[in-house]
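Mind the numbering: the sequence shown is residues -19 to -1, 1 to 104 in mature numbering (1 follows the signal peptide of the UniProt record, and there is no 0), read in order.
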Amino acid sequence: MRKTLIVAGILILSTNIQAEVIKDTAKCDGTTVQMNDCLSEKIKAADKKLNDEYNKIMDTLKDKKQLNLLRQSQKAWLTHMTKEIEFTSLYFSGGTFGSIRAGNLKLDFLEKRARDLAELTKL
């Protein structure tokens, strides 16, 4: 009985996580391939926005120490993002859900970093 309740709880949690990911990709509905294609387009746009924001800051910085620290920060951020996505992909491996979750995670990372960098240029 206890094992049944644990399994039921895991299934409910898994369904809630999947529903959250699907909600994030509301305009990316359809087959898994279609969702992944849609996410790829969103990721490409977010990556461009991030690069634009990064380059905008790099163009304004004159101090070599600040330039160096921003480069180091960006490199560390990229490493962190990559490892988080690798972990998520591995954690959800064995099904189609993993690629969608990993794509959403990458999109979230890119959008947040772009917002953070944009905020620096507003100060």
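Heads up, the beta-carbon is just placed ideally off N, CA and C, and yes, glycines get one too.
Here the structure is a predicted model, which is why all the values come from computation and not from measurement.
Classify residue i as buried or exposed, calling it buried when 16 or more other Cβ atoms lie within 10 Å of its own Cβ.
i: N32; result: exposed
i: A27; result: buried
i: K87; result: buried
i: F73; result: buried
i: L71; result: exposed
State yes or no: is the C-beta of residue i within less than 9 Å of the C-beta of residue j?
i: A95; j: E34; result: yes
i: N17; j: I66; result: no
i: residue 106; j: L51; result: Outside the displayed span of the chain (-19 to 104) sits residue 106, for which this structure offers no information.
i: E100; j: K30; result: no
I need the boundaries of the alpha helix (DSSP H) containing residue i, first residue and last residue.
i: C19; result: 13 to 41
i: G84; result: 78 to 103
i: L54; result: Checking the sequence shown, residue 54 turns out to be Ser, not Leu. It spans 45 to 72 - the alpha helix (DSSP H) in which S54 sits, taken as one unbroken run.
Given residue i, which residues of its chain have a CB within under 8 Å of its CB, disregarding the five upstream and five downstream residues?
i: Q55; result: Y35
i: K4; result: A caution first: K4 carries a pLDDT of 44, below 50, which makes its placement in the model unreliable, though a value can still be read off. Answer for K4: no residue qualifies.
i: T41; result: T102
Near residue i, which residues of its chain fall below 6 Å by C-beta distance, leaving aside the five closest residues on each side in sequence?
i: T6; result: Any reading at T6 must be qualified, since the residue scores a pLDDT of 48, below 50, and its modelled position is unreliable; no value is offered.
i: K23; result: L88
Residue i and residue j look like a contact to me (Cβ under 8 Å); what is the Cβ gap, rounded to whole Å?
i: T69; j: T13; result: 16 Å between Cβ atoms; not a contact.
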